[in-house]
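Asker:
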Amino acid sequence: MRGEFYKTLSSPIWWGVLAVAATLPFMLSSYYLHILTLSLVYVALASSWNIVGGMAGQISLAHSLFIGIGAMLSSAMLLKLGINMWLGLLISALISGALGVAIAWIDFRFQLGHLSFVLITLAFAEMGSIIVEGWDFLGGASGLLLPKDTGNFLAFQFGGGDGAFWMMLALAAICVLVNVAILNSPLGYYLRTIRDNEKAAQAIGVDILRYKITAMAISAVLASVVGTAYVRYLTFADPYLLISPVITIEIVLFATVGGLGRAYGPALGALLLVPLGEVLRGKLGSTLPGLHYFIYGIVVIGVILVTPRGLLPLFEGLWRRWREAR
Amino acid sequence: MSELYQALAQGLLIGSSYGLLALGMGLVYGVSGVVNFSHGDFISLGMFMCLALYSALSLDPYVSVIITVPVMTAIGALVYLFLIRPMVGHQFLMVVQLTLGLSLVLQNGILMVFGGQPARTPSVVESKLLLLGDVVLRVPHLIAFAVSFVLAGGLYVMLRSTDFGRSIRAVHQNAHAAALMGIDVGRVQVMTFALGIGILALAATLLLPGTPIQPTQGLRYTVITLLVVVLGGMTNFVGIMLGGLVIGIAEAFGTIYLEGPLGLLMPYLIFVLIMLFRPQGLTWSSSR
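See below:
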């Protein structure tokens, strides 16, 4: 089982793709580099959500909380308390992880069905955004402006543009690797058993509480860390972007389009949709605001109707057929 | 003391419209097991249609109903036929993602047509007030209250004593058995979904006077509707109307008695507590 993970780790293709990607800042204009960096943020977020939403089959809409804590809390601690952002990242990640554990525990303790889980996590997400918007320490409704990024690595600064891209590339790679690792570990098999039939899983002795909590904690910590890196890149902690349920909905839709529960599915979805959306926004954003979301929505509906399991399985099927035809 | 009465009255009046919003969702859930996450965006759609009709023909929102209700009903039928029915038989959770996608489409379609500025649709009764002792009541709220309950009563009678109503209840209780009894289950599901969206057009008009509207409001209405439906025990008709009143009152008390964000949190807190400790909803009847 674990063999698959080590095979990925030692695969020349994996490292080759990463190495080529790492040279992109030397080839692209800053505009396209910005789009790629954003895509990597969403690759990382969608992959971290996939651990809970895809593998365990629990559509959590609470991930905006983890992203928001990672972004808003670490910024607030830096600006209001002078806490180094590396430490802030760690504290936020721990709090997010604890919150994730609490949510998973509530889910287990009260035996929430799939639908109730969606609803409760959505309620938590709404409460989170109301709290942040009403609490001045976290920036309130107007948000927080971070100091300029001077490239001081010890202060969690990466020098904007190129440095931020490399940081995001590393984070996205880690998130995808964690997906590969979990999918090929006992945890991954347990999660999929829980997704496919929770009662049967319980009957054969799968410790549901333990695996749900583990999955949620890993997912929450990753989302929180990505949130901190994202806010450092944006330099503006905007509550309407970072702790609004809309960011979770975007992530869920990217993951669905790419392929839920697959290691590379959410990454594929984000890599296809974010550049499409950003280019549309750049070209038509001033005349037709909202066009990119409109297109996302159409793509999602189309993909779900045509290939409900996502684009990755569809592409794999086509590839296999093409190979057999030769 | 007058503050208390004021909160109570305001909550009851607003809550009745919330109940109406939720009836449509409850009906649809009961018959097809679909929870529509674009519910609130359909409310937006209804409101912006009223705005368009006002700008084009200067129709009062209460008159626009003649146009918005049939149009929205037709849209509901099409959405069910072409988007939701193909998903039946697939994993139930895919419908969640599908309607989330639909929500993005509706919300941003409205944004592209109307722009992002908050807008208002005037009505003749908009600023009329009624004084009951110390309590100030806004006439649009009174109209909303009356219409909501008349409509809820009408729906109740329809469900009890017409053939269509009986077939809805039959499908709700046991779709398989209903099909064996010769009920066209597919047709009932389409018509219920269309009816649910049609009711939303009415509810949109009732909520509209005096309320600034903007395209991004949809998700908030979806969440409120979900709160009410869950409080009401998902499919219990009386329970849902009651749930609407509870959420309305919670909101009114929250905004009057608690400062800032805490007040806004009230309905969500109540929702989470009820979800955890009384997942079957507020009413005590043992039927599901």
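Quick note, the sequences are listed as chains A and B, same order. If you read the first sequence in the working numbering, its first letter stands for residue 1, the second for the next number, and so on. If you read the second sequence in the working numbering, its first letter stands for residue 1001, the second for the next number, and so on. We treat Cβ as the ideally placed atom computed from N, Cα and C, and that holds for glycine.
What residues are listed by DSSP as bridge partners for B/I1213?
Answerer: B/A1119
Asker: Ordered along the chain, which non-local residues of its own chain (more than five positions away) have a Cβ less than 6 angstroms from that of B/E1251?
Answerer: Within the same chain, B/E1251 has close Cβ partners P1267.
Asker: Determine the DSSP secondary structure at B/R1278, reduced to helix, strand or coil.
Answerer: Secondary structure of B/R1278 (DSSP, three-state): coil.
Asker: Drop a sphere of 10 angstroms on the beta-carbon of A/K80, count the other beta-carbons inside from all chains shown, and report buried for 16 or more, exposed for fewer.
Answerer: exposed
Asker: Extract the residue ranges of the alpha helix (DSSP H) inside the stretch 63 to 112 of chain A, only unbroken runs of 4 or more that lie entirely within it.
Answerer: 63 to 68, 74 to 81 and 85 to 109
Asker: In the DSSP output, what is B/V1136 paired with across the bridge?
Answerer: B/L1131, per the DSSP bridge assignment.
Asker: Give the C-beta separation of A/V231 and A/S75 to the nearest angstrom, bearing in mind that I take them to be a contact with Cβ-Cβ under 8 angstroms.
Answerer: 6 angstroms
Asker: In the DSSP output, which residue or residues are listed as bridge partners for B/A1052?
Answerer: Beta-bridge pairing links B/A1052 to no other residue.
Asker: Report the partner residues of A/F236 according to the DSSP bridge assignment.
Answerer: A/L145
Asker: For B/S1285, does the three-state DSSP call read helix, strand or coil?
Answerer: With a pLDDT of 46 at B/S1285, under the threshold of 50, the predicted position of this residue should be treated as unreliable, though the coordinate-derived value follows. It is coil, neither helix nor strand.
Asker: Return the chain-ordered list of same chain residues with a C-beta closer than 6 angstroms to the C-beta of B/S1287, the five sequence neighbours on each side being excluded.
Answerer: Note that B/S1287 scores a pLDDT of 41, beneath 50, so its modelled location is shaky and nothing firm can be said.
Asker: Can you check whether the CB of A/V132 is closer than 8 angstroms to the CB of A/Y264?
Answerer: no
Asker: When you compare only the Cα positions, how much space is there between B/F1237 and B/Y1018?
Answerer: 13 angstroms
Asker: Within 8 angstroms (strictly less), CB to CB, does B/P1118 reach chain C?
Answerer: The question asks about chain C, but that chain is absent: this structure's protein chains are A and B.
Asker: Chain B beta carbons: is any one of them nearer than 8 angstroms to that of A/T121?
Answerer: No, no contact with chain B.
Asker: Taking 8 angstroms as the cut-off, decide whether the C-beta atoms of A/Y100 and A/A217 are in contact.
Answerer: Per the sequence shown, the amino acid found at residue 100 of chain A is Gly instead of Tyr. Taking 8 angstroms as the Cβ cut-off, A/G100 and A/A217 qualify as a contacting pair.
Asker: Verify the CB distance criterion: does B/V1135 have a CB-CB separation below 8 angstroms to chain A?
Answerer: Under the Cβ distance rule, B/V1135 does not count among the residues neighbouring chain A, no pair being separated by less than 8 angstroms.
Asker: Report all residues from its chain with a CB closer than 6 angstroms to the CB of A/L318; omit the five preceding and five following residues, and keep chain order.
Answerer: none
Asker: Beta carbon of A/A215, beta carbon of A/L191: below 8 angstroms?
Answerer: yes
Asker: Could you list which residues in chain B have their beta carbon closer than 7 angstroms to that of A/V67, in chain order?
Answerer: Looking at the sequence itself, residue 67 of chain A is Ile, so the reference to Val does not match. Those do not exist, as A/I67 stays about 17 angstroms from chain B at its closest Cβ, beyond 7 angstroms.
Asker: With the cut-off set at 8 angstroms, would you say B/I1224 and B/L1012 are in Cβ contact?
Answerer: No, Cβ-Cβ distance for B/I1224 and B/L1012 is not below 8 angstroms.
Asker: Determine the DSSP secondary structure at A/A56, reduced to helix, strand or coil.
Answerer: coil
Asker: Might you give, ordered along the chain, the residues of its own chain that have their beta carbon closer than 6 angstroms to the beta carbon of B/L1020, omitting 5 neighbours on each side?
Answerer: S1148 and A1203
Asker: Out of A/L288, A/G285, A/I301 and A/A267, which one is the CA nearest neighbour of A/L312?
Answerer: A/A267
Asker: Kindly list the residues whose CB is nearer than 6 angstroms to the CB of B/A1152, restricted to its own chain and excluding five residues on each side of it in sequence; keep chain order.
Answerer: M1241
Asker: Could you pull out every unbroken alpha helix (DSSP H) segment of at least 4 residues lying fully inside the stretch 1176 to 1261 of chain B, listed in chain order?
Answerer: Qualifying alpha helix (DSSP H) stretches, in chain order: 1185 to 1207, 1218 to 1231 and 1237 to 1257.
Asker: DSSP three-state label for A/R262, please.
Answerer: Coil at A/R262, not helix or strand.
Asker: By DSSP, does B/M1095 sit in helix, in strand, or in coil?
Answerer: One detail in the question is off: residue 1095 of chain B reads as Val in this sequence, not Met. Judged by DSSP in its simplified three-state form, B/V1095 adopts helix.
Asker: Can you tell me where the alpha helix (DSSP H) holding B/S1032 begins and where it ends?
Answerer: S1002 to S1032
Asker: For the alpha helix (DSSP H) that contains A/I316, what are its first and last residues?
Answerer: With the sequence shown as reference, residue 316 of chain A is identified as Glu, and Ile is not the correct amino acid for it. Start and end: L311 to A325.
Asker: Could you tell me which chain B residues have their CB closer than 9 angstroms to the CB of A/F110, listed as they occur along the chain?
Answerer: M1275, L1276, F1277 and P1279
Asker: Using the C-alpha atoms, what's the distance from A/L314 back to A/R323?
Answerer: 14 angstroms
Asker: Along the chain, where does the alpha helix (DSSP H) containing B/M1072 start, and where does it finish?
Answerer: First-last of the alpha helix (DSSP H) with B/M1072: P1061 to V1079.
Asker: Measure from the C-beta of A/M127 to each C-beta in chain B and report whether the shortest distance is under 8 angstroms.
Answerer: yes
Asker: According to DSSP, simplified to helix, strand and coil, what is A/E4?
Answerer: Note: A/E4 maps to helix in three-state DSSP.
Asker: Would you say B/M1241 faces chain A, with C-beta separation under 8 angstroms as the test?
Answerer: With 8 angstroms as the cut-off, B/M1241 does not count as an interface residue toward chain A.
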